[in-house]
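Numbering (the working numbering), first residue to last: 1076 to 1145.
We put the CB at the ideal spot given by N, CA and C, even for glycine.
As the structure is a prediction and not an experimental result, all values here were calculated from the model.
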Amino acid sequence: MVFNLGDILHGQIIDFTHEGNGVLKIDSFAFFIPNGIIGDIVEFKVTKLKKNYGLGSIVSFIELSRDRVD
């Protein structure tokens, strides 16, 4: 799959980085999503693309993780 800046995509956060960003994969391509936690299903906008990964910002939460607290 080819990704472009500004694309609106969705998926589930499956892991997190040492910096606390959520990790989401689409077709084995990793996106790092600030403010996402494991289990969140999010709609996000692609904000930066590199050869092996991308960055995104959350547009909306489709489903919140059961581990999320207020």
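Inter-residue Cα distance where the pair is residue i and residue j
{"i": "Ile1083", "j": "Asp1142", "result": "25 Å"}
{"i": "Val1121", "j": "Ala1105", "result": "11 Å"}
{"i": "Asp1102", "j": "Asp1115", "result": "18 Å"}
{"i": "Lys1100", "j": "Lys1126", "result": "14 Å"}
As assigned by DSSP and simplified to three states, the class of residue i
{"i": "Lys1126", "result": "coil"}
{"i": "His1093", "result": "coil"}
{"i": "Ile1088", "result": "coil"}
{"i": "Ser1135", "result": "strand"}
{"i": "Phe1119", "result": "strand"}
{"i": "Val1144", "result": "coil"}
Other residues of its chain near residue i: CB distance less than 8 Å, five sequence neighbours each side excluded
{"i": "Ile1113", "result": "Ile1088, Ile1089, Asp1090, Phe1091, Gly1097, Ser1140 and Asp1142"}
{"i": "Val1080", "result": "It should be pointed out that residue 1080 corresponds to Leu in this sequence rather than to Val. Same-chain partners within the cutoff: Val1121, Thr1122, Lys1123 and Leu1124."}
{"i": "Ser1135", "result": "Val1117 and Glu1118"}
{"i": "Tyr1128", "result": "Phe1104, Ala1105, Phe1106 and Phe1107"}
Close Cβ partners of residue i (< 7 Å) along its chain, the five nearest in sequence each way excluded
{"i": "Ile1133", "result": "Ile1108, Asn1110, Gly1111, Val1117 and Phe1119"}
Element boundaries [beta strand (DSSP E), containing residue i]
{"i": "Phe1107", "result": "Phe1104 to Ile1108"}
Cβ-based neighbour list, residue i, same chain, cut-off 6 Å, excluding 5 preceding and 5 following
{"i": "Leu1130", "result": "Phe1107, Thr1122 and Lys1123"}
{"i": "Glu1138", "result": "Ile1116"}
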